[in-house]
Amino acid sequence: MDTFFLSHGSPTLSVDDKIPARHFFKSWVPAKVAGDQPPRAILVVSGHWETATPAVNVIRGSNDTIHDFYGFPKPMLKYPAPGAPDIALRTKELLEQAGFGPVKEDHSRGLDHGAWVPLMLMYPDADIPVCQLSVQTGRDGTYHYNLGKALAPLREEGVLVLGSGSATHNLRKMGAFDAPVPQWAAEFDAWLKDSLLTGRYEDANRYEEKAPHGRVAHPSPDHLYRLHVALGAAAKAEQIHQCWTNATISYASYRFTTNS
1 MDTFFLSHGS PTLSVDDKIP ARHFFKSWVP AKVAGDQPPR AILVVSGHWE TATPAVNVIR
61 GSNDTIHDFY GFPKPMLKYP APGAPDIALR TKELLEQAGF GPVKEDHSRG LDHGAWVPLM
121 LMYPDADIPV CQLSVQTGRD GTYHYNLGKA LAPLREEGVL VLGSGSATHN LRKMGAFDAP
181 VPQWAAEFDA WLKDSLLTGR YEDANRYEEK APHGRVAHPS PDHLYRLHVA LGAAAKAEQI
241 HQCWTNATIS YASYRFTTNS
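Position 67 (the sequence shown) corresponds to 67 in UniProt numbering; numbering is contiguous.
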């Protein structure tokens, strides 16, 4: 099964039909992932769960829907996907075997908007088990790439691994919905695409020093480390979507397959 990095952008993606990426997510069908079969479960590495060491949410029953954003309307949207405790524990096992432990089990945390916003459009029936994995913003891209490599066996077990973040994420430089894209954002986005599609993964891992405007595009790495996890779990990259809103919010999304 392929892995993916999805730029989920604004929480209003869940309700605003003007956002082009909304239609991309709504057009998602299982056939794009694994023949005619939907994934057995989904592991989401979201841009909104940061911990000092890795953690997984082990939910037996339905996931709560966390409305973890500010300055936006909060429609009472629910995404009660069942938890995936077996996949969460399998994730913990793989990471600890690879030396990333100890991995904490969180038995109460539901799905943050980095998970449920894209998933409610991709799998609106909320019938596929979902669990989440946190990231460590105190570490670097190579750490998260290697973390993704440790999770590669999940692909063979029917688990869809999704990194959910944003290709660019500088909220202080946002503009009007249809404002033009500034040069720094366009150049970083183009560099990221070229690095991934030409296999320069070490450059992507070290984007802060290698990319043009890396620290402007991502003042904090939280929304990009999800890409490194998805990349580490597979190999060859393909861009599957690109659009912009608010001048600086790139919805660039990528699919990662094996070399075979």
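By construction, the Cβ of each residue, glycine as well, lies at the ideal position given by its N, Cα and C atoms.
With distances taken between CA atoms, R60 lies nearest to H107 out of L43, C243, I66, H107. Of the other Cβ atoms in all chains shown, 16 or more fall within 10 Å of the Cβ of Q132; this residue is therefore buried. Taking 8 Å as the cut-off, the beta carbon of A179 is found closer than this to the beta carbon of A247.
Taken in chain order, the unbroken stretches of alpha helix (DSSP H) that lie wholly in the stretch 75-124 and span 4 residues or more are 85-97, 113-122. At the C-beta level, Y251 and W244 come within 8 Å of one another.
Contact between the stretch 118-130 and the stretch 214-226 is absent: fewer than three C-beta pairs spanning the two stretches fall below 8 Å. Taking C-beta atoms as the reference points, V56 and K92 count as a pair closer than 8 Å.
Here DSSP, grouped into helix, strand and coil, assigns F256 to strand. Where N146 is concerned, there is no enclosing beta strand (DSSP E), although the alpha helix (DSSP H) around it starts and stops at 141-150.
Boundaries for S195: no beta strand (DSSP E) harbours it, while the alpha helix (DSSP H) harbouring it runs 183-197, taken from the DSSP string.
V58 counts as buried, since at least 16 other C-beta atoms from the protein chains shown sit within 10 angstroms of its C-beta.
According to DSSP, residue pairing for F5 in a beta bridge involves G163, Y254. In this structure, the alpha-carbon of A41 lies about 23 Å from that of Q239.
A Cβ-Cβ distance of about 6 Å is found for the pair L119 and Y79, placing them in contact under the 8 Å criterion.
If you draw a straight line from the Cα of G9 to the Cα of H113, it is about 10 Å long.
Taking 8 Å as the cut-off, the Cβ atoms of T3 and V161 count as close. Looking only at E96, W49, W28, the smallest Cα-Cα distance to G138 is reached by W49.
The alpha-carbon of F5 is positioned some 22 Å away from that of A52.
Approximately 5 Å separates the beta-carbon atoms of P54 and V103; this is inside 8 Å, confirming the contact. Bounds of the beta strand (DSSP E) holding H241 are 236-241. DSSP, read as helix, strand or coil, puts G175 in coil. The three-state reading of DSSP puts N57 in strand, counting E and B together.
Taking a 10 Å sphere around the C-beta of H23, we find fewer than 16 other C-beta atoms and assign the residue as exposed. Per the DSSP secondary-structure output, E208 pairs with nothing in a beta bridge. Counting other Cβ atoms within 10 Å of its Cβ, Q136 reaches 16 or more and is therefore classed as buried. Per the coordinates, the alpha-carbon of L154 lies some 22 Å from the alpha-carbon of G199. Between L95 and L43, the C-beta gap is not smaller than 8 Å, which leaves the two residues out of contact.
Of the candidates D189, D140, K210, H67, the residue whose Cα lies closest to the Cα of Q242 is D189.
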